[in-house]
Structures are given as structure tokens and as C-alpha cells.
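A quick write-up on the structure given underneath.
Protein chains: 2
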Amino acid sequence: MSAVVNARTDDYRILAQAEILHHLAALPEIAAILGGSPADWTIRDVADGYINAVFIIDGPQGGVCAKQALPWVRYHGDSWPLAEDRAFFEASYMRRLAAIVGPLAPRLLHFDPVLQFIVMEKLSPHIVLRGGLIEGRRFPRAAADVGRYVALAAFHTSDLGVPFERKFEDIGLFSGNISLLRISVDLIFVDPYVEVWRNRYISEIDPWAKALREDVELKTAVARHRNAFLSNRQALLHGDLHSGSVMVTEDDTRVIDGEFSTFGPIGFDLGAFAANLIINWYAQGGYDRDPAERDAHRQWLLEQIATLWQTFESELLALWAASPDTDGDGYPATHFADASGQARLATIRRDFTQAVFQDLVAFAAIKMIRRVISYAQVDDFGIIEDTKRRAETQASALAFARCVLKEPARFADLGAFLDAVPRFENVGLNPDANR
Amino acid sequence: MSAVVNARTDDYRILAQAEILHHLAALPEIAAILGGSPADWTIRDVADGYINAVFIIDGPQGGVCAKQALPWVRYHGDSWPLAEDRAFFEASYMRRLAAIVGPLAPRLLHFDPVLQFIVMEKLSPHIVLRGGLIEGRRFPRAAADVGRYVALAAFHTSDLGVPFERKFEDIGLFSGNISLLRISVDLIFVDPYVEVWRNRYISEIDPWAKALREDVELKTAVARHRNAFLSNRQALLHGDLHSGSVMVTEDDTRVIDGEFSTFGPIGFDLGAFAANLIINWYAQGGYDRDPAERDAHRQWLLEQIATLWQTFESELLALWAASPDTDGDGYPATHFADASGQARLATIRRDFTQAVFQDLVAFAAIKMIRRVISYAQVDDFGIIEDTKRRAETQASALAFARCVLKEPARFADLGAFLDAVPRFENVGLNPDANR
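Same order as they appear, the protein sequences are chains E and L.
Everything in the first sequence is counted per this note's numbering, starting at 186 for the first residue and increasing by one.
Everything in the second sequence is counted per this note's numbering, starting at 186 for the first residue and increasing by one.
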């Protein structure tokens, strides 16, 4: 069982910066990391996500990152309340995955369940991957590391790698993470297909938004995947694995912000990451950059999606093959021990990863749509100041996503999926043209 | 939230009959049901399931049923330990479903979490459906009532009828029910396909057991459904809905013994009930009965499977259609509000129930196999004293189940499924003949 219970009490309060320093001074391990005395420490607000307060605290010796869950959506304000216990689930996720993914995530140093306050390793000189991609920078390890991260987490939290008793313990714990799952359900799976105050698409996208709202075939495909997201308890997911949840240097990758963690289909995390690479691909068309550089960056982006998938697949298959005596209840070794059983297991594994790939493709499309239509927009598009030009890049993303969801048979393998991305560039603002 | 927590403590002890009477005397509601004074009460052991102690207590006014979870499998003895907290999950299941299924289940009167002791309504003059079927008796309401029970439970515990927050609360609670789920996983999905001490098939079935163990195609189909059972959190299941878990009169039906409750695919419960009707169909071939009576009983059994399915399907569709403003997150009304959306919803509903039917068929086959090969045998076959004759009826059940699992396309609708049952009678003890 988890060593920490979800102990929200009335003693929760929002910490001022001075209080955070005071709090850290009482934690010997953290004080030692910072070095010197609290008078030497500095603190700065670095929040750039939508929902939490985040600070970097530096001392003479080193730094830490502190994060507090606020009682509302930070970006929106207190008219959008949000349960603070999300920090408990983020800390629980970090604890659960620490031994599994090792250095692919920052180290959790402290969690205070009353204050819903987390202190973790400061990542330096890491930057947020999304910002790097927008600048056209390359991070050679990011996609492979994310693919490996998802493979490790998927294997060791699913019926492939652990007895169902262990999985059900995790399911019991993370089934409590409902406040953020409500945001996922609404912003990803519901809002883009209705008119709702939270949608924030630009007016040039109106015709596309209307077309998506009125597309019953598309909404049927979304319904299928929404139901899978809510019912297929395949593995413990990060739940929000976009390019803003990955910190990188050229030779290091760390996955952060696991507060949306939930059990769900493995392809959901992979699809989120792939979607944000494709979003960056389309958004590059709105940046004033050297065309040759842009083309090279785009080519590199598509290669990263290939790397993401191929690394995930090979790592998962390697973990599975290397664990013939796995405790997992999914495919007991005793059922597939002889020669024909071993041969069949190879087929089963191929079918398993193929099903994950189909999920990746569909969830990527759904994630692309939500980032154009729904509440939480992304800077890849947002920095394109000319809104007509921005809308044209967004329309390409929507057209690609719509085709993926309505004609999945056309995207049965990685080659077909990647080949299709450039074909939807410049489809234009009329959703009925060139369908 | 449930009003009772799962509070096992060291104060648990196995209650002697006198202690049970003493315990009930302290419960005013139950003492009033029994009437008179404790000196007037009688208690008798009526356990006939595999795992718990069960008693009927009668007084001058009326009776109650008391059930205590023992620290082991009752039928096997203390060499097979089993967590007592299963009574907590049975009580939780009864509480959760009381308002949903109403009079289709007995009323829970008392639960003691320390003693893992349940007191419920005494069902009289009900008998266990399995015993009635073995005698060739008919219960006109049973199949329709069970179909309705499953439809009600499925709708009101799934993304069709409740917000995911409610569903996840249930998932969190029932994810703790691991001791009995381990029994389900092993006895239903693993043991029949390996050599293990718990298997209890008769020696005449050896060739069939060996054939199933060596059938990689069959084990692949079983693996697919085992993984669905462990990962598809579609609705709250009874988890053990065979004909021994249904108490009947000619005009009343009650579902009992919900201690195996877990979230899973809806077709699992329906398949369990259908499997036990088909088992009874085949077992009738081993009884010395009037052939005309036997044929009529068998015809009635197949009609009951049709009634089970048709009632489930029509009740589920009626609940769904009657709740256009359902709080369920599966198919938001706002996504399907216009004429084309409404039309599409009809297709979605048909596809939904068709998928449940496919699950019913597969899980029925898997359940039939476990009742012949695995630990918990059934009296339908067991009362056939001539073991060769018993084996012949069992072989028919295995042959039907094997075909269902390996050639699911042949069983795409109810008619095909029911038509096939008689065709597998007298296939014989050689599993390689007439494949």
C-alpha cells in the first residue's frame, strides 16, 4: 500500500513564497540540497501550465522545484474550482513510477498531504520540450526516451507485468483522481463537439468547429474512444503526456506533471505525445523561418514520431519476451510453454502492439482537435500572431485529425500515418472543400 | 460513499450457532422479524456453496438468513485460506444494488465488518434454481428476471447511466475484492488449460482435458477474454451469476451471493447464467427421464436463454432510450441531439448490445469448460453416477464450448447460438473425432 493517505483537511492554505522557504527550511534533506541558510535562498514563480502554482527555489549549493495545487484552475481563476488533492495523485504517480522509469522522471523529495505541496528535483539546464520545438531546436533523445518511458510504465502496471492484485491496488488508488479526469473528459472528449463557454478557438476556425460539431461519423468515433478511455483499465497512464510535460536537454529527458494519472489505454499517452509533434509540424507553416530549415525540422519531427513508436514497441516486446515467468495474469507462461505456444505468443504480442498503435492514432487525432477548439490551447499555434495564418495551420491539423478518425483503415501502419501528415497542409478554412 | 468501511480486525472469530443467536438477539430489527424470544429461535446450517458458512434462523414470526465468511474455502478446508473480507464486498454489492434492482435481490438486514457476518431476508419458499432445473422443473420468470437484473445493474453502474465520478467511486471500492477475484481468474481462466492439483475432472474426461490444454487457438481466445475480464471496467458485475446464485419460486426470482462482485464486461454475468442453462441441457442426457419430458425441458431451457438475452437487450435499450438526459459520460446527449445524431444513436446502441452478445457467447463457453475441468464442479453433471455417461454429457458441453471459442463468427446471433447446442450432443469422448 502507498505510504501516504489522501489526507485533505481544513488546514490547507495557499502558501506565500516566504512560507514556502520556511517550510523547506524544516526539511533537512531539502535544506541540504539548497545549502547555506534560508536567508541565502531565492524563490521565483515559474508556473506556465494551466492549473498549479510552481516555484523554483535556489540556494548556494543547488535548487529544488516546489509545486502546490491551488483550489482552482490557476490560469482561469477562482471561478473554476478544482480539488486540491490532485497533488496527492501526482505524488502517488511519481512514487509508483520511480522504481520503474528511474532517471526518466525527476526525483520526488517531499509531499505534504495537508498543503497538497510537492517538492522535487530541480531540472537544470532542462527546458520544456514544447518551447524548444517551437524554436525549431532538436533534442535527439526525447522521442526515444518518451517511448521507453511509456513502455516501462505500461509493462509494469498492467496485466503483462504484474499480478492483477497489484494492478487493482493501483486502480483503487488512482480511481480517486476524479477532479482532473473530469477536466480530461470534458476538454478532450466533450467540449470540442459542442458549443460551450470554455471553448477558445479563434473566429477564423468557426466553420471548422461547426463542421466538427455537426459530423455524426466523427462524434461516433470519438464516442468509441471516450468509452475506451473510461473503461479500458489497461495500464497506469501519465494522462497528459504532451510536449509541455517533457523537460529536455540534448542528452536528458524527464517526464513531469503526472497529476492527470489514471488507468486507461496505453495508446492514450503515446497519442498525446505524437499529437503534439504533429501540431508542431503544422504550426511551423505559420512561422517566418528559412524554408529549408523548416523542411528539415518537419522531417525531423516525423522521424521522432517514428522513433517514439518504434522505441515503445521494441522496448515493450523486449520486456515481455525477457519475462517468460512474468507474474502478470494476462498471458500465463504455462498456457504458452510449448513450441506452438511460443510461436503463438509472438502473434499475440504483435496483435497487442498493433492494437496499441491503432489507439495511438485515434487518440492523437482527438488530442489535436482539442488543442485547437477546446479550452487549453498550445503556444505552437498561439505564437502565430496573424490569426488567419494561425487558423490555416490549425485547419490542417483538424483536417488530418478528422480523416484519421473517420477513415482509420487508411492509417493501419506507421508509414501510412506519417505519409499523410504533409498531405493535409494548406487544406484551407473551408471544411467542405476537398473532403 | 459507502457507510461502512472494510474494518477487518483481530477480533474476527468464527461464530458458533449459539453465538449467532446471541448476536441476532442484540439487533432489534432482526429480533422483531423473528419474533418471540431467543429461546424460541432455531438455527440450522444450510451451506451448500463452496466458500461460506450459511444458516437459516427461524422464530415464531419469521426467519432470516445469516452468512459468515470463513478464513478458508469451506468446501476444501483450512489448507485453502481465503480472506474473510469477502463478506464486506458482498454487503457492499447488496447495498449498491438495492435501489437499482429492488425486489430482484434479498434485502440486506445487517452487516458486521468485524465478524464479516451478514444477515439478510430469508427467502421462502424459494429454492436454488440449479436444483429445480436438475429436477426438470420450470420457473417461468427466472430467465426474464435475471436478464432484467443484469440490464438494471449494467445501466446504473456504467458510463451509460452514471457520471464517471460515481463509477470510479464504485471501482475504487470493488478493486479491493481481490481474494475472490483470484479464485475467478484461476478457476475460470487458468486452471482448465494446465495440469494443477485443483482440477477435479473425472478420468474419462482425460482425453478432452488434454486436448484443451494443447489447443493453442483455444487458449488464445481464452487469453483475449481473460484480459477483457481484467481490463474492461464496463459495469459492476455480480461475478458468479450461475444457476446456484439464483433463488426462485414460480413467480419470484432473487439473485444472491454477490461476493465475487467486480467491475468487468457485462457479458460475463449473462454468459455465466446462459452457460449453466446449457450445462443443464447437456446433463439432462445423463438422467433417466421420460424422453418426451426431457425434450420438452430442453426446449424450454433454450427458450430461457432466448428470454434471458431478449429481456436484457430490450430492458437495457429501454433504460438508455428513456434517459436522453442521462448523466452518463459514455454518449452525451449533446453529441447526438439532432436528427442524424438520434439516428446514429440507434446504431450505436445496436452495436453496443451486439458486442455484449459476443461477450456473452464467449464467456458462456469459458464458464462451461471450467465447470467440467476445474475445481468447482456442478451437480447437474455430478448426480449422473455412471461416470462414463456423465463424461459423455460433459464432452458435449466441452465440444460446444470449444467450437464457440474457436469459431465465434458461427455464433453471431442468438439463433445460431441456440441452434448449435443440440448439434454437439453425443460427440463422444474422443476430442479428435468430428472436429
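Cβ coordinates follow ideal geometry from the N, Cα and C atoms, glycine included.
With distances taken between CB atoms, is the gap from Tyr278 (chain E) to Ser446 (chain E) smaller than 9 angstroms?
For the pair Tyr278 (chain E) and Ser446 (chain E), the CB atoms are nearer than the 9 angstroms cut-off.
Could you check the C-alpha separation between Ile451 (chain E) and Phe324 (chain L) for me, to the nearest Å?
Answer to the nearest angstrom: the Cα atoms are 46 angstroms apart.
With 7 angstroms as the limit, tell me which residues of the stretch 416 to 427 of chain E have their beta carbon closer than that to any beta carbon of chain L; keep them in chain order.
If the cut-off is 7 angstroms between Cβ atoms, the stretch 416 to 427 of chain E has Ser416, Asn417, Arg418, Gln419 near chain L.
Under 9 angstroms between C-beta atoms of Phe566 (chain L) and Ala459 (chain L)
Not in contact: Phe566 (chain L) and Ala459 (chain L) (Cβ atoms no closer than 9 angstroms).
Given that a residue counts as buried once 16 or more other Cβ atoms are within 10 Å of its Cβ, and exposed if not, what is Thr227 (chain E)?
By the neighbour-count rule (16 or more Cβ atoms within 10 Å), Thr227 (chain E) is not buried but exposed.
For His311 (chain E), collect the residues of the same chain with a Cβ closer than 8 angstroms to its Cβ; drop the 5 residues on either side in sequence, then sort them by chain order.
Apart from sequence neighbours up to five positions away, the residues of its chain that approach His311 (chain E) with a beta-carbon distance below 8 angstroms are Met432, Val433, Thr434, Asp437, Arg439, ordered along the chain.
How about Gly332 (chain E) and Glu500 (chain E): are their beta carbons less than 9 angstroms apart?
In contact: Gly332 (chain E) and Glu500 (chain E) (Cβ atoms closer than 9 angstroms).
Within 7 angstroms of chain L by C-beta, residues of the stretch 304 to 329 of chain E in sequence order
Those would be none; no residue qualifies.
With 16 other CB atoms within 10 Å as the buried threshold, where does Ser187 (chain L) fall?
Reliability of the predicted coordinates at Ser187 (chain L) is poor, the pLDDT of 37 falling under 50, and the value obtained from them is presented with this limitation in mind. Ser187 (chain L) comes out exposed.
Do three or more CB pairs link the stretch 536 to 547 of chain E to the stretch 287 to 304 of chain E at distances below 8 angstroms?
Touching, no.
Which two residues bound the contiguous alpha helix (DSSP H) that contains Asn362 (chain E)?
Boundaries for Asn362 (chain E): no alpha helix (DSSP H) harbours it, and the DSSP string shows neither H nor E there.
When E:Leu493, E:Arg575, E:Asp523 are compared against Asn611 (chain E), the one with the closest alpha-carbon:
Cα-wise, what sits closest to Asn611 (chain E) is E:Arg575.
Rounded distance between the beta-carbons of Leu293 (chain L) and Ala283 (chain L), thought under 8 angstroms
Rounded to the nearest angstrom, the Cβ distance from Ala283 (chain L) to Leu293 (chain L) is 7 angstroms, consistent with a contact under 8 angstroms.
Which complete alpha helix (DSSP H) runs does the stretch 300 to 350 of chain E hold, if anything under 4 residues is left out?
Within the stretch 300 to 350 of chain E, the complete alpha helix (DSSP H) runs of at least 4 residues fall at 314 to 319, 327 to 342.
On a Cα-Cα basis, can you pick out the residue from E:Ile205, E:Asp243, E:Arg271 that is closest to Gly443 (chain E)?
Nearest C-alpha to Gly443 (chain E): E:Arg271.
For the stretch 440 to 478 of chain E, which segments carrying the beta strand (DSSP E) assignment without a break, of at least 3 residues, lie completely within its bounds, in sequence order?
Counting only runs of 3 or more, we get 447 to 449.
Short-range partners of chain E found in the stretch 374 to 386 of chain L, where Cβ spacing is below 7 angstroms
Taken in chain order, the members of the stretch 374 to 386 of chain L whose beta-carbon sits within less than 7 angstroms of a beta-carbon on chain E are Val375, Tyr378, Val379.
Comparing alpha-carbon positions, which option in L:Trp257, L:Trp265, L:Gly262, L:Pro223 lies nearest Gln246 (chain L)?
Looking at the Cα atoms, L:Pro223 is the closest of the given residues.
Could you check where the beta strand (DSSP E) with Gln253 (chain E) kicks off and where it finishes?
It spans 248 to 254 - the beta strand (DSSP E) in which Gln253 (chain E) sits, taken as one unbroken run.
For His427 (chain L) and Gly321 (chain L), which I take to be in contact (beta-carbon distance under 8 angstroms), what is that distance rounded to the nearest angstrom?
With 8 angstroms as the limit, His427 (chain L) and Gly321 (chain L) do not qualify as a contact, their Cβ atoms being about 18 angstroms apart.
With distances taken from CA atoms, which of L:Val347, L:Gly317, L:Leu422 is nearest Leu366 (chain L)?
The residue with the shortest Cα to Cα distance from Leu366 (chain L) is L:Leu422.
Sequence-distant residues of the same chain with beta carbon closer than 6 angstroms to Asn461 (chain E), five excluded per side:
The beta carbon of Asn461 (chain E) sits closer than 6 angstroms to those of His427, Ser428, all from its chain and outside the five residues before and after it, given in chain order.
With respect to the beta strand (DSSP E) encompassing Gly262 (chain L), which residues constitute its N-terminal and C-terminal limits?
Per DSSP, Gly262 (chain L) is one residue of the beta strand (DSSP E) stretching across 262 to 266.
Backbone secondary structure at Val189 (chain L) - three-state DSSP
Summary for Val189 (chain L): the model assigns pLDDT 43, below 50, so the residue's position carries little reliability; its value from the coordinates is reported in the next sentence. In the structure shown, Val189 (chain L) sits in coil (DSSP, three-state: anything other than H, G, I, E or B).
Under the rule that 16 or more other beta-carbon atoms within 10 Å means buried, what is Ser416 (chain E), buried or exposed?
The Cβ neighbour count for Ser416 (chain E), taken over all protein chains shown within 10 Å, is at least 16; the residue is labelled buried.
Are the Cβ atoms of Ala420 (chain E) and Phe448 (chain E) separated by less than 9 angstroms?
Yes, the Cβ-Cβ distance between Ala420 (chain E) and Phe448 (chain E) is below 9 angstroms.
Does the separation of the CB atoms of Thr496 (chain E) and Val379 (chain L) fall below 9 angstroms?
The answer is no: Cβ separation not under 9 angstroms.
For Ile356 (chain E), go through chain L and note every residue whose CB falls closer than 7 angstroms to its CB, in chain order.
For Ile356 (chain E), the chain L residues whose C-beta falls within less than 7 angstroms of its own C-beta are Ile356, Ser360, listed in chain order.
Classify Asp391 (chain E) as buried or exposed, calling it buried when 16 or more other Cβ atoms lie within 10 Å of its own Cβ.
Per the 10 Å Cβ criterion, exposed.
Compare the C-alpha of Phe374 (chain L) against each of L:Phe353, L:Phe349, L:Thr405, L:Trp382 and name the closest.
Proximity to Phe374 (chain L) across L:Phe353, L:Phe349, L:Thr405, L:Trp382 peaks at L:Thr405, based on C-alpha coordinates.
According to the Cβ coordinates, are Leu308 (chain E) and Ala327 (chain E) closer than 9 angstroms?
Cβ atoms of Leu308 (chain E) and Ala327 (chain E): not closer than 9 angstroms.
What are the boundary residues of the beta strand (DSSP E) that includes Thr434 (chain L)?
Counting along the chain, the beta strand (DSSP E) containing Thr434 (chain L) begins and ends at 431 to 434.
Give me, in chain order, the residues of the same chain whose beta-carbon lies closer than 6 angstroms to that of Ala457 (chain E); leave out the 5 immediate sequence neighbours on both sides.
Sequence-distant Cβ neighbours of Ala457 (chain E) in its own chain, meaning closer than 6 angstroms and more than five residues away, are Leu426, His427, Lys552.
Please name the residue in L:Val606, L:Asp598, L:Lys591, L:Asn615 whose C-alpha comes closest to that of Asp400 (chain L).
Shortest Cα-Cα distance from Asp400 (chain L) to any of L:Val606, L:Asp598, L:Lys591, L:Asn615 involves L:Lys591.
Looking at chain L, is there any beta carbon in it that lies within less than 9 angstroms of the beta carbon of Tyr560 (chain E)?
For Tyr560 (chain E), the nearest beta carbon of chain L is not closer than 9 angstroms to its own beta carbon.
For a test of the three-state rule: what should DSSP assign to Arg595 (chain E), helix, strand or coil?
In this structure, Arg595 (chain E) counts as helix in the three-state DSSP scheme.
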